[in-house]
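Throughout, the working numbering is defined as the position within the sequence shown, counted from one, plus 2. Here the structure comes first, spelled out in structure tokens, and everything after it is commentary.
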Amino acid sequence: MPVKKKRKSSGSEDASIRKCKISSYCRTQTSGRLVNPEDQFSNKKCLTWFYEYAGPDDVVGPESMEKFCEDIGVEPENIVMLVLAWKLEATNMGFFTKEEWLKGMTSLHCDCTERLQGKLDYMRSQLNDPALFKSIYRYAFDFARDKDQRSLDMDTAKSMLALLLGRTWPLFPVFNQFLEQSKYKVMNKDQWYNVLEFSRTVNTDLSNYDEDGAGIKYLIKNTIKL
Numbered sequence: 003m004p005v006k007k008k009r010k011s012s013g014s015e016d017a018s019i020r021k022c023k024i025s026s027y028c029r030t031q032t033s034g035r036l037v038n039p040e041d042q043f044s045n046k047k048c049l050t051w052f053y054e055y056a057g058p059d060d061v062v063g064p065e066s067m068e069k070f071c072e073d074i075g076v077e078p079e080n081i082v083m084l085v086l087a088w089k090l091e092a093t094n095m096g097f098f099t100k101e102e103w104l105k106g107m108t109s110l111h112c113d114c115t116e117r118l119q120g121k122l123d124y125m126r127s128q129l130n131d132p133a134l135f136k137s138i139y140r141y142a143f144d145f146a147r148d149k150d151q152r153s154l155d156m157d158t159a160k161s162m163l164a165l166l167l168g169r170t171w172p173l174f175p176v177f178n179q180f181l182e183q184s185k186y187k188v189m190n191k192d193q194w195y196n197v198l199e200f201s202r203t204v205n206t207d208l209s210n211y212d213e214d215g216a217g218i219k220y221l222i223k224n225t226i227k228l
């Protein structure tokens with residue numbers, strides 16, 4: 003004689019139904035967050051990519067940097083390379099250490115050339131944010147200076163200012179002309195910071211300075227100490 007199956011109580015059935023619904027919901031949520039393995043960042047892949055350019059000293063140097071720029075389709079002098087260096091928190095111009103590379107590329111979620119190329123527009127867009135631009139601008143001073151010097155030599159300062167402000171500050175040609183005529187050799191950090199502030203406050207038509215342009219001379223003399 004077959005054994006009668008014990009019928010579940012309605013309470014047990016309700017609990018079972020709730021459990022199934024919860025499990026189904028969790029599976030749905032999890033599946034919604036599933037990431038294609040090809041989209042996941044690979045530390046190993048990133049390191050292999052690094053060693054395509056790095057030497058035995060675990061550093062990407064100037065010559066390899068040119069090849070790196072060529073591979074990602076960017077000129078070494080392009081401002082996006084400064085943004086990348088800022089993202090990597092690189093300390094020396096023309097060099098990326100392994101630690102800088104791994105930390106920065108991890109934050110960018112880039113472990114190959116193609117992924118970095120896909121981030122170039124994003125990095126350029128960082129320059130449109132005033133707060134981020136200020137951070138990049140300030141970073142550029144320490145990045146570009148010789149580490150045994152507290153100031154930036156004037157030739158480097160002019161090049162970096164042209165890169166950072168040349169296309170966005172209408173008065174930069176006037177400012178740069180004064181720098182070209184200067185006999186001073188260096189620019190210190192406070193002066194560097196002040197240039198950005200002046201670039202943001204001086205009216206394009208010089209209406210907040212003397213009509214004869216004396217205000218610009220005052221600006222230069224009191225900022226750069228020419």
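Using N, Cα and C, we set each Cβ at its ideal position, and we do this for glycine too.
Asked, Found
"Euclidean distance between Cα positions of VAL188 and SER161", "13 Å"
"Sheet register partners of LEU154 (DSSP bridge)", "MET189"
"TRP171, enclosing alpha helix (DSSP H) - first and last residue", "Run containing TRP171: none; DSSP gives neither H nor E here."
"Per-residue burial, TYR139 [other beta carbons within 10 Å of its own, 16 or more giving buried]", "buried"
"Within the segment 102-126, ranges of the alpha helix (DSSP H) (whole runs, at least 4 residues)", "115-119"
"Test item: CB-CB of VAL76 and VAL82 under 8 Å", "yes"
"Nearest neighbour of GLN42, chosen from SER109, GLU65, ASN80, GLU68 [CA to CA]", "SER109"
"Whole-Å CB distance - SER137 paired with ASN190, under 8 Å assumed", "Going by Cβ atoms, the distance from SER137 to ASN190 rounds to 19 Å, so no, they are not a contact pair."
"Among PRO78, PHE145, THR170, GLY120, nearest to ALA159 - alpha-carbon criterion", "PHE145"
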